[in-house]
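A short worksheet on the structure shown next.
Residue numbers (this note's numbering): 9 to 127.
So this is what it looks like as structure tokens:
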């Protein structure tokens with residue numbers, strides 16, 4: 009396992025929160041599942057700008073921390089679906105608030121990105 013040079017402050021709630029759902033696509037994945045797209049192939053289509061491998065990796069991480077639960081159906085072809093746990097559902101108001109903030113500020117951020125002032 010890779011060891012960090014500077015230890016993380018795991019006593020800080022914000023650090024823990026960002027560790028769990030702060031990756032680029034995790035809020036989008038949680039929102040997509042909440043909107044009823046529970047199969048990985050559906051998520052890949054809904055979040056087309058995210059590489060499928062990244063979505064799959066972040067789904068595994070979300071499952072590991074109890075945000076989503078995975079259900080595998082024993083049929084041919086094999087079918088897998090993901091659902092939000094109660095812990096995952098508790099993130100929905102936060103994600104909704106982030107979405108509202110993004111909608112209100114998207115022109116400013118798009119302008120800064122276009123000018124090369126933000127990455």
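Think of the CB as a built atom: it goes at the ideal place given N, C-alpha and C, for glycine as much as any other residue.
Because the structure is a prediction, the values reported are computed rather than measured.
Within the segment 83 to 120, ranges of the alpha helix (DSSP H) (whole runs, at least 4 residues): The segment 83 to 120 contains these whole alpha helix (DSSP H) runs: 94 to 97.
Span of the alpha helix (DSSP H) around residue 46: Boundaries for residue 46: no alpha helix (DSSP H) harbours it, and the DSSP string shows neither H nor E there.
Residue 76 (DSSP reduced to helix, strand or coil): Residue 76 falls in the strand class under three-state DSSP.
Proximity of residue 74 and residue 105 at Cβ, strictly below 9 angstroms: Annotated as distal: residue 74 and residue 105, with beta-carbon spacing of 9 angstroms or more.
Nearest residue (CA-CA) to residue 103, options 125, 18, 115, 30: Just measuring C-alpha positions, the residue of 125, 18, 115, 30 sitting nearest residue 103 is 30.
Assumed close pair residue 89, residue 61 - CB separation to whole angstroms, cut-off 8 angstroms: With a Cβ gap of about 19 angstroms, residue 89 and residue 61 do not count as contacting.
Rounded C-alpha distance that separates residue 118 from residue 125: Going by the C-alpha atoms only, they are around 10 angstroms apart.
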